[in-house]
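In this note's numbering, the protein residues as written are 1470 to 1708. Backbone N, C-alpha and C fix where the C-beta goes; we use that ideal spot for every residue, glycine too. See below for the structure under consideration.
So this is what it looks like as structure tokens:
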């Protein structure tokens, strides 16, 4: 319980940074890359600093800055649900301020939107005592896609994001797989989150909320595909 509370406190501090960067981005004129340029700059600097400080282990709450230590599990479908759930945190947090603005049109105050997201992200890590289950993760991701089809529009996007927040919380209830000892990856990989966020921002410039929706649907589809393709025994033994 103490570790879970410490994790929540650490994330609260980081979330304050996300919100501050998002608010700064939305105040810039002219608005560029969906107002995500400050977030992109922070991800680039943070990713490089953590890469140079990188060891075989790193605190789980910094996973947004670097690709998961085990790399992309292309050949292990059983690992796709947890991998996609962990990746889903980045676009959600990068657009947290934007999401508050979008959802205000549907009657939710920005602080209510943010509170719902943070509760969905943090409560599973606090309540779950066992390792994150790929079954629960894929179920949450699949439920998000189903709600998107039913609700559509901003309400559908909000429901999809909340389900992915729950999936992320379940995935984070167990530590990420660390990189192999002594293995040093190219520094360019540390820029992937920043470049992904920049692409998302440019997509928002062109298509608005649909850009975020497309990225989240892709992650949810991959998570569900991995669950369906993986043998049951592999799902039960996946770390």
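With the cut-off set at 8 Å, would you say residue i and residue j are in Cβ contact?
i, j, result
"residue 1692", "residue 1589", "no"
"residue 1560", "residue 1696", "no"
"residue 1631", "residue 1585", "yes"
"residue 1642", "residue 1593", "yes"
"residue 1505", "residue 1618", "no"
"residue 1612", "residue 1686", "no"
"residue 1577", "residue 1638", "no"
Comparing alpha-carbon positions, which option in the options lies nearest residue i?
i, options, result
"residue 1587", "1664, 1679, 1659 and 1634", "1634"
"residue 1596", "1640, 1567, 1690 and 1620", "1640"
"residue 1503", "1577, 1676 and 1550", "1676"
"residue 1562", "1661, 1699, 1668 and 1486", "1486"
"residue 1671", "1546, 1701 and 1501", "1501"
"residue 1551", "1507, 1605, 1574 and 1576", "1605"
"residue 1701", "1638, 1547, 1555 and 1556", "1547"
"residue 1661", "1576, 1507 and 1556", "1556"
Would you kindly work out how many angstroms separate the C-alpha atoms of residue i and residue j, rounded to a whole number?
i, j, result
"residue 1571", "residue 1553", "24 Å"
"residue 1728", "residue 1689", "Outside the displayed span of the chain (1470 to 1708) sits residue 1728, for which this structure offers no information."
"residue 1518", "residue 1625", "37 Å"
"residue 1510", "residue 1549", "28 Å"
"residue 1543", "residue 1514", "28 Å"
"residue 1568", "residue 1659", "26 Å"
"residue 1622", "residue 1616", "11 Å"
"residue 1490", "residue 1699", "39 Å"
"residue 1694", "residue 1679", "22 Å"
"residue 1508", "residue 1545", "31 Å"
"residue 1525", "residue 1492", "Note that residue 1525 scores 42 on pLDDT, short of 50, meaning its location in the model is unreliable; the coordinates nonetheless yield the value given after this. So the two alpha carbons sit approximately 34 Å from each other."
"residue 1581", "residue 1516", "30 Å"
"residue 1496", "residue 1558", "23 Å"
"residue 1528", "residue 1575", "The predicted model places residue 1528 with a pLDDT of 46, which falls under 50 and marks its position as unreliable; any figure quoted below should be read in that light. When rounded, the distance between both Cα atoms is 37 Å."
Contact defined as beta carbons within less than 8 Å: I believe residue i pairs with residue j. What is the distance between those atoms, to the nearest angstrom?
i, j, result
"residue 1609", "residue 1628", "Their Cβ separation, rounded to whole angstroms, is 11 Å, which puts residue 1609 and residue 1628 out of contact at 8 Å."
"residue 1565", "residue 1541", "Contact flag wrong, Cβ pair sits at about 25 Å."
"residue 1681", "residue 1673", "7 Å"
"residue 1666", "residue 1512", "6 Å"
Kindly indicate if chain B contains any beta-carbon less than 8 Å away from that of residue i.
i, result
"residue 1558", "The structure shown contains no chain B; it holds only a single protein chain."
Problem set entry | Continuous alpha helix (DSSP H) assignments of at least 4 residues falling wholly in the region 1566-1598 | The qualifying runs are 1579-1596.
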